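Below: the structure, in structure tokens.
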Amino acid sequence: VIDVLLSQYRQVAAHAPNRLKGLYVIPSSFDLKLWFGLMFVKTGPYKSGMFHFRILFTDDYPTESPILFFEKVAGRHILHPLVDKNTGEFNLIDVFDHFENSGDNLALDILEQFMIDFTLRRKSLTPIRNEATWNLYKKDKELFQSKVSLQVHDSYISGSHDDTFQPIGANYLNSYQHSSFPIEMFAEIRMDLIKTSGHPHRGVDFGISTKVSSHCLKKKSGVIPRSIYKDN
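Going by the numbering used here, 720 is the number at position 128 of the sequence shown; the sequence numbering is gapless.
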């Protein structure tokens, strides 16, 4: 599984500038089967949000779907039809079933479709993980948007990391603490947003790929070659 993940991560890194704009993933320095992710949402109800997530690959990957968990925002799980309100798990099952024969592009295809599904661009979303949120989205989009906008706001001001993954049984899952993406960098990005748009939460393209990837390089994981992180 390690060789498979190495090959697939190289594909992710090579195609991310074109297919995964606003999404960044990096393997844990402890275990290649754990990827840390950060998504800057550019469209849809969650536009301008900044959300942390982690992807866990099992020993049976790529014959079994990976598991994606969002970290809490200001102590609460993300309000989303495809996110379990109790665990923060995002539904990847349908995505995996559709792309399971993608070969080396499997992780890339999964991440790309994950971005599409997160922004609610797909007409049919199944299975729903949060029925109440799904019903609210269908029946009262204005109220749904007001609740989501609060989480978008909190995604920038929340500086803590939760213990969602502690029950999994691997203590190192909490030791990384997203040190590849320090809060100081987000403060700088937020100021860029304010200067560019006059408002910290408007959807603007603030070009952070260099900041993110250059900082990632300071984490000497010993897993992925430095050349992978070239910005286009």
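All C-beta atoms, glycine included, are put in the ideal place defined by N, C-alpha and C. Remember, it's a predicted structure, so these values are computed and weren't measured experimentally.
Asked                                                                                                                           : Found
Candidates E723, K677, D651: closest to L597 by CA position                                                                     : D651
Inter-stretch contact at 8 Å, needing at least 3 Cβ pairs: the stretch 669-677 / the stretch 605-616                            : no
Local conformation of R611 per DSSP, three classes                                                                              : helix
Pick from T718, W627, R713 that is closest to K634, judged by C-alpha positions                                                 : R713
Pick from I647, K625, F622 that is closest to M631, judged by C-alpha positions                                                 : I647
Sequence-distant residues of its chain with Cβ nearer than 6 Å to V617 (five each side left out)                                : W627, G629
Contacts around L728, its chain only, beta-carbon distance under 7 Å, and the 5 residues preceding and following it disregarded : L735, F736
Sequence ranges, alpha helix (DSSP H) only - wholly within the stretch 627-696, length at least 4                               : 685-691
Span of the alpha helix (DSSP H) around N534                                                                                    : Nothing about residue 534 can be read from this structure; the chain reaches only from 593 to 824.
Proximity to Y638 [Cα-Cα], best of N678, F649, S716, G614                                                                       : G614
Residues near K625 in its chain [Cβ-Cβ closer than 6 Å; skip 5 each side]                                                       : F649
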